[in-house]
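Worksheet: one structure, shown below.
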């Protein structure tokens, strides 16, 4: 254990990033002496950064595949990502380096491998037998574009159709091309005079592997004989083909066409279709052809042993169904069911009992991949109900606007939230178990509870159980229930400051121990919630309206370096709590056309009784009101403390402290008034601000006037303004991110737009932009028990206030005694002036004791206010009493303060700086948190330039600095958050949460913690051919493809056609995929398990063969004894 003191502070500094980090430490009068040095246990060896898991719905899905034996589902996306799903809690993410769209996926069924075909004309073989899948081989086509792939069951030869109409064959074991090629002109010969178009379908006859069915886009289908290398039959239809499906007996197939028709063909009757139907076409009475419909994009034909076959199709609706949602049609016998989907259909698959194509399929479910959802339909129940989805795919149900992560929560929290959340579940799901049930959970030892809270654009808040690298929704809270909803545009009040998503969550503050929750919405409203297990009905929602205004305009920014320059105080810049105007409990505002709006809130609280289910229930609603025609400013910071019964919030006008127990406003103070009259910083009064137009909801833009255009767009996409250079766009993007308060686009739903447009040039004047940038905004709060003034010798309740100009102010809180007096006597709140100044805006603050142990804010343990008196008393008796502390001769506390530029540690109560570290000079910190790690504490920072850093406490030594993720989207800026024990997360896309760890211990154990996709399962037995089929040559015909496609028979393919690229996922590359000894042990254990399984199977088969041999011997002996004495004519 190493000691750090002021003489050796610089010794421990690591080499910081040349572009982003510099550090300094300076001795101050209050620096700890040699014998008072704090022992620091955290070293750089405790830190390592790596991704852990990705949750949520795959963003922009493009393809899907299913392994019917392993029961694993794979989904590919337009960005080259692969998501694999098994049973609940088993999921995996991997990424193609090229980022090209995945156009098709094919499992090597029960082999633990997957083939992916990409839009850049490459195919890849993935090894799924390891915890983190890796590519074994790749093949890049140079001259032809891939359009369709087909891998027959238990075959190693992959058919690849191309845009030119040719078919190439690849050996999936070696990933080499065969010399056997089916050329388009040989396939169609003289059946058509023009090129047939790309290959849209390939499949082999279920009963004859030597016959290959090839579908061309123009409408031509060819049955190709692989042995004779010629076409047996050609089937021609005058409408383009989208998909083809076989009957399992191999005697007929169905084609879906672009005019909404289905054609059924008998393989030996190519002249015309056996049947033509238009499932959604209106049948004319005069016998004419039905009106054309939309294309049927896909059809599947599945047979059952005991009933009619199923025909499942997507598309094909009539053109007159304008505005109708996408539908999946299930045709079974004479019934046709049309199932409406919430989003457009990307792909669907019918799940069947057997993997063999030549047996009765026995379909039991349909997996439907939608643009923003995954639905599984139960075909075995009347009405086709859907299965309850166990995956956390509803992160994006409404766009995420803020996110918080809590690790090592109280153990009873997750069961409590689950118990109230389980009552919210929908009814009517299928009663069967989820059919995608493959894989096994990880064996990790990480057992502490983790909770993620997401705030959404529709005002909802979701609590997620994130323990053990899984994610499951626990409880959903709808904050919009508190307000009246305008039914139409004519009913909207003119007081709204946002047009869309007026209930969107801006920020939240949660106390896990007391379960108190406080949320701030985009319409300048704050709601305080209390957790209860009892259902209650509130006759009247408690409402408090607050009038926040700033009498002074923008002020000159004090010296950002934090140097103190004594000047004269500003007259009237201070205010006492007594001068605060009393709270207005009833709205007395006017909204007449004669004068400006005044005293009007942005939303109307509901007047009817509010039924509140068990869970979070409204304690108090606080609304900011319009002031003299000016809309209330959006709330930028928020904090709640259950021990004090206080909630505090701030914006660009100042801060307000509310007693939510007494439902009163205690303090309403402008930012300038927080500075004491003798403040040594220069403050220049300015003219009052002019009335501004309402700003857009959670706006990213520098000026609110262009909120409708200036949304959360990626700076990497194209720009609508030709005069904007890349450098200008980058600079504007950085300026927007620097506007704190987590303000973002007018409608966060724009995150879903695939065609994002880059940031447009701000139309505001440069003066307005500069004024807003220089405006001092409240950016951070921290409740604590400390020394409000230098002369104090006893700790007392305090509030630390941080601003965007780097000031940290101290506010003293005077609480009345507990019990009934707490509800009767007022709480005293008074500003004590500035504690310290930092460069940049304040992000986070914390308090340490003299041993550098974190002093968390005090809290009141949870008890149910709606429970019986006996339960309340029992809860209250358990509440711990915190003994008052004092200091004798030296500073017993350290205040840790971090801005977007630097961090400082200040001794308390002497208020002397003892450590300082400049985190970044060229960039700025987006998120900083004081977190617990390996039994100690540190500051974790995420910079806009992509660096993730950690600093030791209290000496601020750099421990980790990794260039991880350059900021490319506002979504990352507003959702990135750190948690205790080395965990962090952010929204990597509008639908997906990416979790990372900066803990070396978690990285070392990651292989054990991750789930396994592949589990050894015996392949089902092939269907019995039957005696007569075997005798007379019926049943499935096998084919030795090696004789046809091997190098000896077919020769070598042209080298220029495709380039083979060995992947990192071979056995020699697996060591890189899994880190450390743990990964080697895991691989060895998996190999032993597989070997033991195979040995066990071999032993069972041997025993079975021995028993069969004995039985045969016995029967033969009996037959010999029976017939040995009989003559030939007696037989």
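Numbering (this note's numbering), first residue to last: 5 to 1135. Even glycine gets a Cβ: it sits at the ideal position worked out from N, Cα and C.
The three-state secondary structure of residue 1046, taken from DSSP, is helix. In its chain, beyond the 5 residues on either side, 226, 227, 271, 272, 274 have a beta carbon closer than 8 Å to the beta carbon of residue 237. CA-CA distance, residue 93 to residue 393, rounds to 12 Å. Residue 208 is bridged by DSSP to 216. Around the Cβ of residue 827, a 10 Å sphere holds fewer than 16 other Cβ atoms; the residue is exposed. Cβ-Cβ distances below 8 Å link residue 512 to 406, 408, 457, 459, 465, 521, 522, 523, 524, 642 in the same chain, with the five nearest sequence neighbours on each side left out; the list follows chain order. The alpha helix (DSSP H) runs lying completely inside the stretch 966 to 996 and spanning 4 residues or more are 974 to 979, given in chain order.
8 Å or more divides the Cβ of residue 984 from the Cβ of residue 856. Burial state of residue 660 is buried, judged by a 10 Å Cβ sphere holding 16 or more other Cβ atoms. Secondary structure note for residue 239: it is in no alpha helix (DSSP H), and the uninterrupted beta strand (DSSP E) holding it is 234 to 240.
The three-state secondary structure of residue 157, taken from DSSP, is coil.
Residue 67 and residue 1017 have their C-alpha atoms some 19 Å from each other. The beta carbon of residue 840 sits closer than 6 Å to the beta carbons of 812, 910 from its chain, once the five residues preceding and following it are set aside; these are given in chain order. For residue 364, same chain residues with a beta-carbon under 7 Å away, outside a window of 5 residues either side, are 252, 307, 308, 309 in chain order. With respect to the 8 Å criterion, residue 905 and residue 844 are classified as neighbours on the basis of their beta carbons. Residue pairing by DSSP places residue 130 opposite 118, 139 in a beta bridge.
In the displayed model, residue 444 falls within a strand according to three-state DSSP. In the DSSP assignment, residue 931 is bridged to 946.
Residue 81 and residue 90 have their C-alpha atoms spaced approximately 18 Å apart. Contact check between the stretch 1021 to 1028 and the stretch 140 to 149: fewer than three CB pairs, one atom from each, fall below 8 Å, which does not count as touching. The distance from the Cβ of residue 674 to that of residue 657 is about 6 Å, consistent with a contact at the 8 Å cut-off. With the rule of 3 Cβ pairs closer than 8 Å, the stretch 534 to 548 does not count as touching the stretch 630 to 645. Between the stretch 241 to 250 and the stretch 200 to 212, the count of Cβ pairs shorter than 8 Å is three or higher; the stretches touch. For the pair of segments examined, the stretch 284 to 302 was found to touch the stretch 310 to 321: the number of CB pairs separated by less than 8 Å reaches three. In the structure shown, the three-state DSSP call for residue 74 is coil. Each residue's CA atom was taken as its position, placing residue 166 and residue 321 some 29 Å apart.
In the DSSP assignment, the residues bridged to residue 529 are 525, 627. By the Cβ test, the stretch 100 to 118 is not in contact with the stretch 467 to 477, since fewer than three Cβ pairs between them sit closer than 8 Å. At least 8 Å separates the beta-carbon of residue 125 from that of residue 87. A Cβ-Cβ contact shorter than 8 Å links residue 346 with residue 374.
Each of 1000, 385, 351, 362 was checked against the Cα of residue 341, and the nearest Cα belongs to 385. By the neighbour-count criterion, in which 16 or more other beta carbons inside 10 Å mark a residue as buried, residue 387 falls on the exposed side.
Apart from sequence neighbours up to five positions away, the residues of its chain that approach residue 422 with a beta-carbon distance below 6 Å are 478, ordered along the chain. Following the DSSP letters along the chain, one finds residue 423 in no beta strand (DSSP E) but inside the alpha helix (DSSP H) bounded by residues 417 to 425. Shown here for residue 533: same chain residues with a beta carbon closer than 8 Å to its own, the five before and five after excluded, namely 481, 520, 521, 522, 523, 620, 621, 622, 623 in chain order.
Nearest in C-alpha terms to residue 121, of all of 154, 134, 97, 133, is 154.
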